[in-house]
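Trainee:
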Amino acid sequence: MDAKLLHYDRSDEQPSMERRDKQPTGTVTAMDMLILVFVLCIVGLLFWVLALGLVGLEASQRPEFSVVMDGFSDLEDHVARTFNLTIVINNFRGKSEICVGGEAVVLYGGVPLAGCGVQDLCVPPKCSTKFHIVAASGGVGLPRELADRMAEEKRAGGAVQVEVRVVSPKHRSFVSCMAALARGAAAPPSPCQGVFLSDESDGVRRTDDPPSFLF
Numbered sequence: 536m537d538a539k540l541l542h543y544d545r546s547d548e549q550p551s552m553e554r555r556d557k558q559p560t561g562t563v564t565a566m567d568m569l570i571l572v573f574v575l576c577i578v579g580l581l582f583w584v585l586a587l588g589l590v591g592l593e594a595s596q597r598p599e600f601s602v603v604m605d606g607f608s609d610l611e612d613h614v615a616r617t618f619n620l621t622i623v624i625n626n627f628r629g630k631s632e633i634c635v636g637g638e639a640v641v642l643y644g645g646v647p648l649a650g651c652g653v654q655d656l657c658v659p660p661k662c663s664t665k666f667h668i669v670a671a672s673g674g675v676g677l678p679r680e681l682a683d684r685m686a687e688e689k690r691a692g693g694a695v696q697v698e699v700r701v702v703s704p705k706h707r708s709f710v711s712c713m714a715a716l717a718r719g720a721a722a723p724p725s726p727c728q729g730v731f732l733s734d735e736s737d738g739v740r741r742t743d744d745p746p747s748f749l750f
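Given below as structure tokens:
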């Protein structure tokens, strides 16, 4: 047999084989990238769900504050004002004790109407308590403008909404509640929102003794 026929030159196939070798490599790299992106998306989603769960768990462990408006005096412009309040602290879900102590203020439209001191009180975990306070104006009557505004709100909605704040500088906490001034049936508890004070920029004084409330 002719030696030339027996001689098989593979140089002609080498480029095509190299192309075939490169094609699978490129395909695998693209698949790897897709898989990596998919895995990263799954991991990110899991972290997001975990973060939401931790936030919800922390919120569920916070103490719950509420206020009950037991009674109040007539809100005339020439009559001293008093507000009988019950503050309720529910710390059943908490892991540490919660303390209050400082002053309570009743406001309408951001204007203080009455106030009083609040003695130090700490509620341990898995417990709840309530205490009564009487906020008074100290003999100062209601400004005429506020009295007219309250009367108009009462005619429109039947009840005047006031804000009750319990400020505890020593314990670095601030609680705000909205309560309705309504006659007749016993008022239901009004939920409160609480925050922790971080620095002097919140305008609350830092003293060892409860600050005085002047009216």
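Taking the working numbering, the leading residue of the sequence shown gets 536, the next gets one more, and so forth. Every residue gets a Cβ at the ideal spot worked out from N, C-alpha and C, and that includes glycine.
1. Please return the same chain residues whose Cβ sits closer than 8 Å to the Cβ of residue 669, not counting the five positions on each side in sequence.
2. For the candidate residues 658, 646, 711, 605, whose alpha-carbon lies nearest to that of residue 682?
3. Is the stretch 626–644 touching the stretch 680–699, taking contact as three or more C-beta pairs under 8 Å?
4. Can you name the residues that DSSP bridges to residue 601?
5. Look at residue 665 and residue 622 and say whether their C-beta atoms are less than 8 Å apart.
6. Would DSSP call residue 679 helix, strand or coil?
7. Is DSSP giving residue 632 helix, strand or coil here?
8. How would you write the range of the beta strand (DSSP E) that residue 700 sits in, first residue to last?
9. Given residue 694, which residues of its chain have a CB within under 7 Å of its CB, disregarding the five upstream and five downstream residues?
10. Under 7 Å Cβ to Cβ from residue 727, same chain only, skipping five residues before and after it: list those, please.
11. Based on the DSSP output, what are the partners of residue 715 in its beta bridges?
12. Helix, strand or coil, according to DSSP, for residue 689 in the structure here?
13. So, is residue 704 buried or exposed, given that buried needs 16 or more other C-beta atoms within 10 angstroms?
Mentor: Based on what the coordinates show:
1. Stepping through the sequence shown from its first residue, residue 669 is reached at position 134. These residues qualify, in order along the chain: 617, 618, 619, 620, 651.
2. For the purposes of this step, residue 682 is identified with residue 147 of the sequence shown, where counting begins at 1. That would be 646, whose Cα lies nearest to the Cα of residue 682.
3. yes
4. Stepping through the sequence shown from its first residue, residue 601 is reached at position 66. Beta-bridge partners of residue 601 (DSSP): 623, 726.
5. In the sequence shown, counting from the first residue as 1, residue 665 sits at position 130. In the sequence shown, counting from the first residue as 1, residue 622 sits at position 87. One thing to note: residue 665 has its Cβ within 8 Å of the Cβ of residue 622.
6. Within the sequence shown, the letter at position 144 stands for residue 679. DSSP places residue 679 in helix when its eight states are reduced to three.
7. Here residue 632 corresponds to residue number 97 of the sequence shown, with the count starting at 1. Three-state result, residue 632: coil.
8. Reading the sequence shown from its first residue, position 165 is the one you call residue 700. In the DSSP assignment, residue 700 falls within the beta strand (DSSP E) that extends over 695–703.
9. Numbered from 1 along the sequence shown, position 159 holds the residue referred to as residue 694. Closer than 7 Å at the Cβ level, and outside the excluded window around residue 694, lie 715, 716, 717.
10. Counting from one through the sequence shown, the residue named residue 727 turns up at place 192. Same-chain partners within the cutoff: 600, 601, 602, 710, 711, 712.
11. The residue labelled residue 715 in the question sits at position 180 within the sequence shown. Residue 715 is bridged to 696.
12. As a position in the sequence shown, residue 689 is number 154, starting the count at 1. Residue 689 falls in the helix class under three-state DSSP.
13. Counting from 1 along the sequence shown, the entry for residue 704 is found at position 169. Within 10 angstroms of the beta-carbon of residue 704 lie 16 or more other beta-carbons, which makes it buried.
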